[in-house]
Structure formats: C-alpha cells, structure tokens
Amino acid sequence: MPSHPRHRAATPSIDDAAPPGEREGHGERDVGTAVRAVEPPDPADLAVDLQGIHKSFGKAHVLNGVDLQIPRGVIAGFLGPNGSGKSTTIRVLLGLLRADSGTATVLGRDAWRDAVDAHRHLAYVPGDVNLWPGLTGGECIDLLCRMRGGTREGAVAELTERFQLDPRKKSRAYSKGNRQKVALIAALASDAELLVLDEPTSGLDPLMEREFQEVVRQRRAEGVSVLLSSHILSEVEQLCDTVAIIREGSVVEQGRLEDMRHLTRVTIDVITAHDPALLDDSMDLGELQIHEMAEGFHITGQVEPAALQDMLPGLHSLHVRQLHVAPASLEELFMRHYRAEPHGEAGQAAGPGGVVGVETRAPGKPAKPDPS
Amino acid sequence: MTRELQGTATLLKLALKRDRIRLPIWVVAVGLLLAGGGQELAQVFSSAEERQVRATIMGQPSGIFMGGPGYGLDDYTVGAMMANEYTLFIVVAVAIMALQTAVRHTRGEESAGRIELLRSTRVGRHAAPAAATVMLLITATLITLVCAGSMLMLDLPAQDSWVFGAGIGVQVLVFGAVGLLCAQLSSTPRGAMGLGLAVLGVAVVVRGVGDIMELHGSWLSWFSPIAWSMQTRAFVELRWWPLLLAVGLTLLATLAAMSLQSRRDLDAGLLPQRSGWSHAASYLRGPLSLGVRLTRTSNLTWLIALVLLAVTYGSLAPSMRDSFADLPASYQAIMGGSDRAVQGFLDLAMTTLACGAAALAVALASRLHGEETDSRTELVLSLPVARIRWLLSWWALAFVVSAVVLLLSTLVLAATTDAVITVDGVYSGLLLIWATYLPALTLFASLAVLVYALSPRLTVLAWVPVLFVVIVAILGPLLSVPSWVTDLSPFHHVARLASDSAADAAALTWISTVAVLTAALAVAAFRRRDIPRD
Ligand SMILES: Nc1ncnc2c1ncn2[C@@H]1O[C@H](COP(=O)(O)OP(=O)(O)OP(=O)(O)O)[C@@H](O)[C@H]1O
Ligand SMILES: [Mg+2]
C-alpha cells in the first residue's frame, strides 16, 4: 500500500513569541559544537544560574553536576524522563534542598542563603499540589497571596474567572486539576519576576491548558521569566523559547529551541512528476524512501539541513508537484534523549552527527495553530 | 454480596502488614498495664482491712465515676477490686485503639487514595470494612487472651477471668464497629476519629452518671456499652449475658456501616459538605494565623474535654471531703487531714488537666510533620517565609494554645469547687499552680519541634516524654517509682495545694532554660535540613 504524503503543518514559529531582540539572534556558528556551548550569557541577565550542582540522597546520586542557565525574560522549558531530577533541581533552586556542591543563583541571589529574599521575587507551583483540606480554594489563594505579598491588582478575580475555579469549595473536594489551578492562580496573580512551574498543567484540560499558555505569554511580554518543567511536548514547543533537557541528573542539552532544530535533520516530503531513478549518480537520495503513486513519485525522509540545498537542482529537474519541508519535530528531538543510553551518549547526541538511526514516526498530534 | 467482598484477603494482608508493629505494641501494653497494675494493687492492698478502706472510697461518687458500679464492695477481694477499678481504664484504652484500627483501614485508606487504586482492579465495595472487621476480630481475640491471662496470673478464678477478658475484648468489637460507622459518616479520617471519640466520651459519662445515680447501676447505665462489661459482675456474682448486648450492637453497627457504604460515593461522607467562603478572613495572613485556623476545631474539642473534666473533678470535691471524714483516723493522717484531702484531690485534678494540656501541646507541634508529608511545607517555604518563622509559629501555637486551654480549665475547676465547697484561696492557689506548669508545657512543645526538625519521620517519638510524665504522675505514687525518676518529670516540680509547697523555683528555671535551648536547637537543625525529608 503506497504511503500517503504526510502533510505536516509548519510548526508554529517561536519567532512570533520570542521577545524583541531575541528574534534574529542566532547568527552563524560551528555546527559541530553543542548548542549549550554558544553565547556565554552575562550572569546579570540570568534569572536562574545553576553551575555544577550535585545532590545525593544517601547513596542515590540524583543530580550529577547540573548546569542550567535561564536568561531573563524567556520561557524556558525543562524536560527529561521521569526521575531524571527535574523536581530535585527545582527544589535546589528554591533553596528547599541544599546542594552538596555547585552554585545556585536565582535572580542574582544565592538560592540557599538568600532564599527568603529570592522568594520575594518568584512564585512557585509544585508538581504535586496539596492544599489545606479544611480551607476553601479561595481561602488558599488569598492566604498564599498574602504570605507572598505583591499581588497584581484584580488579578485573582480575573484568573479565577478565567480558569473557571469555584473558590467556595473545600480543598479536599477538589480534583487534581482544580488543586493545580489554585496554586497557578496564586502564582500567576503575583508580581513575581520569575515563575517556577513544575508540571503545572499535568491535570488541566485542553481548554484550561490554552488559558494557561495565554497568561504565561502575557507575563513574558511583561518581562517575567518562566521555568516550566513539563512532559507535554506540544506545550513546550508552543510556549518555550529555550529548552533544557536533563537526563540522569545532568543537563544533556540546552539552548534555544530554534537552534536545536537547525541541528537536527529536516523532514522532507516531495511529490515529483518524474521517476527519481532517472537522476544521475551525482544526486544521492540516500536514505529517502520512494513510492510510486497515482499522482507521481513520493519521496519522503529526513536529510541534513546542509544537504537540502544540494538536493534542490535535482528535485527541480524531476518537476516538483508538492513540497513540504519541516524542521524535525520536538518529539523526534527529545525521543533521542529519552531513549539514549545512560552514559557517554550526551556529547554525541548533542552534535548533528548523533541523529543517525532515530526512528521517525508520524507525529502523534497535529500541530496546533498558534492561538495568539 | 461475594463480588462486593472480593479482595478482602488482599486488603487484610495489607492491613496486617501495616499494623505489624502497632497491634503487638497495643496488646502488650494493655497486658503489662493490667498484669503490672494488678500485682501492684494486690501488694499495696494486701490485707482485707486495707481493701475495705479502699472500698469506702470506691463507693463514693468520685470513686464510682473513675472506677466501676461498685460490685463486691462489701467483701472487696482482689478480683472484685480489679474488675471494679481497672475495667474503665482498660476499656477506654482499647476503645481508642479499636476506633483507630477501624478508621485507618477504611476511611484512612480511602482518603490516602489507595482504595481507589485497588477498587479499580478487583476489590469489591465492602472489602475494606470487611478487612477492618477481621482485623478487629483478631485484635479482640488477642486482647481477651491477654486480659484473661493477666487475671489468671493473679490466681483469680478461671471462669471469672475469662468473662472479664471477654468483657474487655468485646469492647474492641463495639467501638470498632462504631469506628466503621463514623468512617462512613465523615469524609476525613480526622473527622471520623473525632466523631468516634465523642461517642466514647458520651459512653463514659453516661455510665458514670448512671452508676452514681444508683449503686450497681441505674437504668441510665445500661445505655452505655461500657456498662455491659462491668455488669458481668466478674469475681463477685458472675453472669455473662450482658455481653450479648455488646455482640448485638456490634452486629447492628457493622451492618449499618456496610449498608451506608453501598449508598455513598468513594471519598464522600454522608454528613453534608458545606460550601465555604470564597475569600479568606482578613486575619488569615501568615503561618501563625494559618495554624490557628487549621487547629481551631480540634483546639475547641480539647478545651471542651478538659473543661468537662474540670467540672467533674470540681463537683466531686465534697464527696472527697465526706469520704475522708468517714475514713479511719490513721488513713486521714497519711493524707494530712480531711481538709488536706480535698486539696490533694485538687492537686491531682490539676495534674490530670496538665497531662491533657501537654498532650495537646505535642499534638499541635506534631502537625508540622503532616504539613511536610503533604508537601504543604514546601509550598509555604517557597514563599518569602523564613524557616525559623514557620517552625517557631507552630512552636508558639503549641505552647500558647495548651497554656490557654489549661488556664480556662483551671478557672473552671476553681469555680466549680468554689460553688460546692469552701476551700481557702482556691482561685489564687490553682492559678499559681497553673503558672508553674507553663515551663513544662514549653518544654514539651520544644521537644516535639526538635524531634521533627531532626527527623520528621520520628515525630511520633515526641509522645514519649508525655507518656513518661503521665505514667510518673498517675501511676508513680501507686507503683513506688524511685525518686530520681520522678524528679526527671517536669510535672514533679510544680506548686501544690496539699503541702502548701511553693514551686521549686530553681527547677522551674532549669526547665525553662532547657525548653528555650531545645527550641533554639530545633531552629538550627531545621534551617539546615532538606525539605521535604522523610
Ligand atoms: N528525598 C529523596 N530521597 C531519596 N531519593 C529521592 C528523594 N527525592 C527524589 N529522589 C529521587 O531522585 C530522583 C529524581 O527525582 P525527581 O523528583 O527530581 O524527578 P523528576 O525529574 O521530577 O521526575 P518526574 O518527571 O517523575 O516528576 C528519583 O529517582 C527520586 O526517586
Ligand atoms: Mg517531578
């Protein structure tokens, strides 16, 4: 059975969402280096700066030298398999856990020593939100806001309305998603410079997820930095400017999403009128798959970004009827890290050469149009 | 019905595993108390004359309220004495254990979400109450064996010993079934436990008042399940049929619980959930006010319980004086004359109230542990709330609330005593005594906070000092504990009415200093450690 062309709508460009000044910034670089090696950031511009954080619980070494830099004013995705150390990293930067070694700086303050001061300027939503069962949602929100100080005028009412939360219900009667909403409303209503969100949407329905994304974008437009740990790739893809991937307690890749895409192969999907077999040997279609179909010859597969340019004359001569070129989806990018062997893989995976052998699958979800 | 019960064995295995330490400790503790206390009593009151003196006291309203309906007072044998004076004490202990067992294996599991997890697999609707019932049957059997065994060790008649043991064991079933019922009504384990304890409290009072109305029990007594075990007249004129009432009530309550279970949703209670405020009251703005808000219901319950106790003690003061007036002169001399007897009784009342306040202080400080395991501490400490503020807020709450509850119940004790009898300077005297208990209360709060700060998992150890003090204060005089041990108890250094002794000022200063140092140590440890840590 001939395979159907995979029409992948272009993934929403993060350029639309990136803050001004970040848009055209990637310039040229050595393709062979890992993304995190470029653009050494100015410490003063960092909302979060973790360097060489080690943390173990008894014999279990959970963090093995985490390096994580988040520039101010961006939404940073934080990804990694279960148990890779995301929540632990977040607790270190909140000063809840004390790192065995390394430095943790949050908004220019030491995460452990100056925790209280740092907390005046950040808001946190835990991964597992537990509230006081005897208090209503509204009471919890008010209490959290008052203990934090610095609440945006009218924000609580607006957000409560927006997230459709019934604030009169006792917390013990809330579902997981509703408990999360309470913590989210309290955090988003604050005038914090940094939002630390640990899987904040794992219990939200798609409608609420959309509201959440919209509010977070608004906050970024106002200059708020966001650290968003998540397992929802589409969320990260749509929302985040930069991404860090953690595996077994160390960050194996971090950088701008855009740059990462450039490092990975491009998916192409072409229908030509003429048989590619007619091409001379100078054009290597290598790993691409070719099917003959009623409407022509269907060429699909993935190529290096650099190879695309060389292919175009050949394709041109075959008479292109349809052409889809899309950056590799985040899913393809991340699966590699999620599946990679525990050790010695990170360096290789970060470079473009590490992509070989990645399975390509039909993307599980149609890319959503950018709501904004 | 069999489908509804499917998975009971699995849950039972789980329950046995969870209780593998708790159950044996309770059973052994009950056995030791009964056997040890019995040996002591038999030794202290070794002659028939001494026991008859004791019988005179036990025939007074106070004796009846704290003891039993007074069977065998004419010929107060060791057996009659055990049955009359120990039944209430032991029944209250096993009833609390039974309530806990019932609640934790039904409502407790349910609100922890484990039942939901299991019920979606192959566990029937009634499996949890059924497993809890089997646990209760096992517990009741063990308690019966231990209690009967303790009596047999005193060389008491075998048949009476077994009925006495069964009388205690059957109360495990009764209050276990009450616990199952409460677990259906309330939607939280804490609420269910509170409801169960309220039932127990009513049962104690009804039995006491009923028996005071008429020696050997009036019609009112029979409304309390506790009376049924006492009405077996063990070691006096044995009859076993009152235990049938207990079995009947157990069956009824268990069936009611089962039928309620099929009528409600998982995780819901039958008592309605009110919808609350959409905004927090303006006072609610920091850790301390949060603590006040979270504990207000339980604080009120404690206050009511201690005030009731104070009223009971106060109203028993005249009978104390009268009974001592009837006692042989030698006996009076030991207690320092009849006037002194009332004052000694008030001292004892204050100690009892202070034990309650100490337990309240530890219970309040221990809430820190629950806040952490439910990851709310993490949420609070992610706000600009310093660790020292969080810890000391709960410490202060524990101390202040227990002090205020003790103050109010002291005033009530003074007022009720003053209403029924004239004792010189009862207000000022009792208030002075109250003040001398404060360093000890601070110490208990500090110790609890320290244990929590060092290792939240071990927070339950904070109860050890309270237990120690209670045992020394209540059983110390009876068990002839060496004086260096009693000196270790902070309650030993308070002022007393009977001896006109002012407090030991040096000791109180010491206690206060240790309390403050302990709290400082707790702060240092808490600021250093990971959160959450188990
Ligand atoms: N207090 C602790 N004691 C022992 N081990 C711990 C402790 N806290 C975390 N760990 C371990 O550290 C590892 C990382 O946990 P962490 O919660 O940071 O993972 P995560 O990346 O957030 O995972 P998830 O995606 O499931 O939320 C896990 O293996 C966990 O078991
Ligand atoms: Mg996590």
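Chains A and B, in that order, are what the protein sequence lines are.
Under my numbering, the first sequence is numbered contiguously, ending at residue 418.
Under my numbering, the second sequence is numbered contiguously, ending at residue 1552.
Glycine included, every Cβ here is placed at the ideal spot set by N, Cα and C.
Identity of the residues DSSP links to residue i by a beta bridge
i: A:S271; result: A:L240
i: B:Q1078; result: BP columns for B:Q1078 are empty, so no partner.
i: A:F103; result: A:A106
i: B:M1211; result: Answer by DSSP bridge pairing: none, since B:M1211 is not bridged.
i: A:F124; result: A:S275, A:A290
i: B:F1193; result: Paired residues: none, contrary to the question.
i: A:L114; result: A:L96
i: A:E299; result: A:I291
i: A:L369; result: A:V316
i: A:D156; result: A:T151
Sequence-distant residues of its chain with Cβ nearer than 6 Å to residue i (five each side left out)
i: B:D1436; result: V1444
i: B:K1148; result: It is Ala, not Lys, that sits at residue 1148 of chain B in the sequence shown. Only L1023, T1026 meet the Cβ criterion.
i: A:H277; result: none
i: A:E74; result: With a pLDDT of only 38 at A:E74, under the threshold of 50, the placement of this residue in the model should not be trusted; the figure read from the coordinates follows. None.
i: B:T1028; result: none
i: B:L1535; result: none
Ligand 1 heavy atom lying under 8 Å from the CB of residue i
i: A:G464; result: Since the first and last residues shown for chain A are 47 and 418, residue 464 of chain A lies out of range.
i: B:V1048; result: no
i: A:K215; result: no
i: A:E245; result: yes
i: B:R1545; result: no
i: B:I1406; result: no
i: B:R1225; result: no
i: B:T1395; result: no
i: A:N128; result: yes
i: B:T1391; result: no
i: B:R1551; result: yes
i: A:G104; result: yes
Where residue i falls: helix, strand or coil (DSSP)
i: A:I136; result: helix
i: A:G249; result: coil
i: A:R198; result: coil
i: B:F1462; result: helix
i: B:I1230; result: helix
i: B:R1040; result: helix
i: A:H362; result: helix
i: A:H167; result: coil
i: A:D305; result: helix
i: A:V81; result: For A:V81, the predicted structure reports a pLDDT of 44, less than 50, and the residue's modelled location is therefore unreliable. The matter cannot be settled from this model.
i: A:V349; result: strand
i: A:E74; result: The predicted model places A:E74 with a pLDDT of 38, which falls under 50 and marks its position as unreliable; any figure quoted below should be read in that light. If DSSP states are grouped into helix, strand and coil, A:E74 belongs with coil.
i: B:G1332; result: helix
i: A:H344; result: strand
i: A:V402; result: At A:V402 the pLDDT is 31, less than 50, meaning the model places this residue with poor confidence and gives no usable figure here.
Closer than 8 Å: residue i CB and nearest ligand 2 heavy atom
i: A:E281; result: no
i: A:K132; result: yes
i: A:S275; result: yes
i: A:E173; result: Reading the sequence as shown, one finds Gly at residue 173 of chain A and not Glu. Checking the Cβ of A:G173 against ligand 2 gives yes.
Cutoff 9 Å: residue i Cβ touching any chain D Cβ
i: B:A1216; result: The structure shown contains no chain D; its protein chains are A and B.
Same chain only: Cβ atoms within 7 Å of residue i, ignoring 5 sequence neighbours per side
i: B:G1309; result: S1411, W1412, L1415
i: A:E257; result: R208, F209
i: B:T1020; result: none
Sequence-distant residues of the same chain with beta carbon closer than 8 Å to residue i, five excluded per side
i: A:S217; result: L177, W178, P179, G180, L181, T182, G183, C186, R225, V228
i: B:V1484; result: C1373, A1376, A1377, V1380, F1462
i: A:T135; result: L96, I99, L109, V112, L114, F124, I292
i: A:S147; result: G98, I99, H100
Taking 8 Å as the threshold, find out whether the stretch 1321 to 1330 of chain B comes into contact with the stretch 188 to 208 of chain A through three or more Cβ pairs. no
Can we say the stretch 160 to 170 of chain A touches the stretch 199 to 219 of chain A, given the rule of at least three CB pairs closer than 8 Å? no
Inter-stretch contact (C-beta, 8 Å, three-pair minimum) for the stretch 1180 to 1194 of chain B and the stretch 1253 to 1269 of chain B: yes
Take every Cβ of the stretch 1159 to 1169 of chain B, pair it with every Cβ of the stretch 1049 to 1058 of chain B, and state whether three or more of those distances are shorter than 8 Å. yes
Taking 8 Å as the cut-off, does the stretch 1069 to 1082 of chain B touch the stretch 1090 to 1101 of chain B (at least 3 CB pairs, one atom from each stretch)? yes
Can we say the stretch 289 to 306 of chain A touches the stretch 138 to 157 of chain A, given the rule of at least three CB pairs closer than 8 Å? no
Take every Cβ of the stretch 1236 to 1254 of chain B, pair it with every Cβ of the stretch 1095 to 1107 of chain B, and state whether three or more of those distances are shorter than 8 Å. yes
With contact counted as at least three CB pairs below 8 Å, one residue from each stretch, are the stretch 1526 to 1545 of chain B and the stretch 1442 to 1461 of chain B in contact? yes
Take every Cβ of the stretch 1227 to 1238 of chain B, pair it with every Cβ of the stretch 1207 to 1215 of chain B, and state whether three or more of those distances are shorter than 8 Å. no
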